[in-house]
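To keep things clear, I will list the structure first and then write my remarks on it.
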Amino acid sequence: MSEVSPDVQVQARQGAIAAAAPKPPRRSLPRPNRSWFGQGIFLFVLAGLSVLFVYPFVWVLSASFKPQSQVFDNRIIPKDFHPENYWGGDPSVFDIADAPVARWLFNSLWLGGLEALLVTFVSAIVAFAFAYFRFPGRNFFFGLVLATLMLPNQVMMIPRYLIFNHFNLVNTQYPLWVPGIFGSAFYIFLQRQFFLGIPRELFEAARIDGDNYWTMFWRIALPIAKPALIVTFLFEFQAKWFDLLDPLIYLRDTNLFTLPLGLKTILDSFGTGGGGQGDWQVIVAATVIATIPMIILFGFFQRYFVQGIAAQGRKG
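Our numbering applies: residue 1 is where the sequence shown begins, and numbers increase by one.
Pasting the structure below:
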C-alpha cells in the first residue's frame, strides 16, 4: 500500500479541523421595533395618502353619471344617475354625443400596442448587442446612442413631418407607429443595464451547445429580462396612449383619430372655452373611458413593473 504524502496529511487535518469548528451564527438584519402607536400613525398616514390619490378618480367617475346641472355638486353618489352619458341614449352604440369614441379607443389600443411592441423588441436587440459583443468603438457608438437623448422631440418634429409628407403618409396612421422600428435610446440604455447583469457563462455554455447569437438572445436573454421588457412596454404604451401632439399633426380624418385627439375634439365641442354649452358630463365620461384601460393595464402587470424597477435600482 502506498504511503500518503505529508502534504496530503496536512491538508486532510486542516479540512477536518475546519469541518469540526463551530460555524458563526448568521447575522440577521435588525427589525425595527415599532409600537402599536407608531404602527397606527403609519397606517393613518397611508390611508390618508390613499384617499388623497384615489378621490379625484372617484369624483370623475361619479360626475360621469350625473346630469349637466349636478356635475359639480361634489356628491360621491349621484342624486340622479344618467348612464346615457356614455352612449347618448342608444346602448347598442358606444358613442358619446355622436362622437365615435369606440373607434378612437380601438385606434389608440392597436397603435399604442404595435408601437410599444416594436420599440421594446428593437431596443432589446440593440441593447443585447451592446451588452454581449466586444468590438472596437463599442463605447463610442453607445455614447452616440445616448447623445440622441439630448435632442428634444420638438427639434425632430419638422424634419419628420417633411419625410412623411414626401411619401404622402400625412393623414394616415403610419407616422404614429413607424418610428418605433428604430427603437429608443432611453430603452436601449435601460435594457442594456439589465443584460449586463446576466452571467456571461450562460451564453458561453449555450455557444458550446451549438446555439447561435439569435437563439441566445431569444432563449436566454429575453426570458431573463422579462421584467425590463414589460417595464419598457408599459412606459411606451402609456406614452403613446396619452400622446396628443403627433395625432394632432398628422391626422385629419375623424375616423383615424386616437383617443387623446378625440378628447380634445369633444372638449372643443362641448366645453365653454370652445363655444359649447358646458356639457361637462360628456367630457368627464370620455375622460373616464380614456383612464380605465391604463388602470387595468397597470394592475395586470404591476408585479412585473415593480420587479423591473427594483432590478434596475439594485444594478445602480
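Glycine included, each C-beta is placed from N, C-alpha and C at the ideal position.
Reduced DSSP secondary structure (H/G/I, E/B, other) of residue i
i           : result
residue 129 : helix
residue 19  : Residue placement at residue 19 is flagged as unreliable, the pLDDT there being 46, under the threshold of 50; the coordinate-derived value follows with that caveat. Helix, per DSSP.
residue 12  : Here the model assigns residue 12 a pLDDT of 46, short of 50, so the residue's position is not dependable and the matter cannot be decided.
residue 171 : coil
residue 301 : coil
residue 279 : coil
residue 135 : coil
residue 121 : helix
residue 177 : coil
residue 260 : helix
residue 152 : coil
residue 296 : helix
residue 271 : coil
residue 143 : helix
Spatial distance of residue i from residue j (CA atoms)
i           : j           : result
residue 236 : residue 37  : 43 angstroms
residue 258 : residue 135 : 43 angstroms
residue 304 : residue 231 : 7 angstroms
residue 187 : residue 61  : 34 angstroms
residue 112 : residue 229 : 15 angstroms
residue 177 : residue 156 : 16 angstroms
residue 261 : residue 46  : 36 angstroms
residue 189 : residue 279 : 46 angstroms
residue 204 : residue 195 : 14 angstroms
residue 272 : residue 255 : 25 angstroms
residue 209 : residue 183 : 31 angstroms
residue 220 : residue 122 : 17 angstroms
residue 106 : residue 293 : 11 angstroms
residue 252 : residue 165 : 13 angstroms
residue 54  : residue 299 : 14 angstroms
residue 41  : residue 302 : 27 angstroms
residue 103 : residue 109 : 10 angstroms
residue 319 : residue 227 : Absent from the structure is residue 319, since the part of the chain shown begins at 1 and ends at 316.
residue 296 : residue 290 : 11 angstroms
residue 57  : residue 63  : 10 angstroms
residue 218 : residue 143 : 26 angstroms
residue 222 : residue 238 : 22 angstroms
residue 39  : residue 50  : 16 angstroms
residue 48  : residue 153 : 38 angstroms
residue 200 : residue 133 : 11 angstroms
residue 43  : residue 211 : 53 angstroms
residue 163 : residue 151 : 18 angstroms
residue 246 : residue 159 : 13 angstroms
residue 35  : residue 52  : 26 angstroms
residue 277 : residue 78  : 21 angstroms
Neighbourhood of residue i by C-beta, 8 angstroms cutoff - its chain only, sequence neighbours within 5 removed
i           : result
residue 264 : 244, 248
residue 59  : 74, 76
residue 80  : 66, 67, 70
residue 225 : 124, 191, 194, 195, 198
residue 82  : 65, 66, 67, 281
residue 318 : Nothing can be reported for residue 318: it is not among the residues displayed for the chain, which extend from 1 to 316.
residue 206 : 215, 216, 219, 220
residue 72  : 63, 280
Neighbourhood of residue i by C-beta, 6 angstroms cutoff - its chain only, sequence neighbours within 5 removed
i           : result
residue 21  : Summary for residue 21: the model assigns pLDDT 46, below 50, so the residue's position carries little reliability; its value from the coordinates is reported in the next sentence. No residues qualify anywhere along the chain.
residue 233 : 116, 120
residue 180 : 115, 118, 119
residue 99  : 266
residue 140 : none
residue 167 : none
Proximal residues to residue i (C-beta, below 7 angstroms), its chain only, five neighbours per side dropped
i           : result
residue 185 : 145, 146, 148, 149
residue 131 : 192, 195, 196
residue 169 : 175
residue 202 : 220
residue 241 : 108, 112, 294
residue 138 : 130
residue 161 : 249
residue 213 : none
Decide yes or no for the touch test of the region 123-133 against the region 282-296: beta carbon pairs closer than 8 angstroms, at least 3 of them. Here the region 123-133 makes no contact with the region 282-296; the two share fewer than three CB pairs at distances below 8 angstroms.
At which residue ranges does the region 194-255 contain complete alpha helix (DSSP H) runs of 4 or more residues, listed in the order of the chain? You should have 200-208, 213-216, 226-241, 245-250.
Three CB pairs or more closer than 8 angstroms across the region 165-177 and the region 100-117: Enough Cβ pairs lie closer than 8 angstroms, so yes.
Taking only runs of the alpha helix (DSSP H) that begin and end inside the region 38-116, which ones reach a length of at least 4 residues, in chain order? Correct list: empty.
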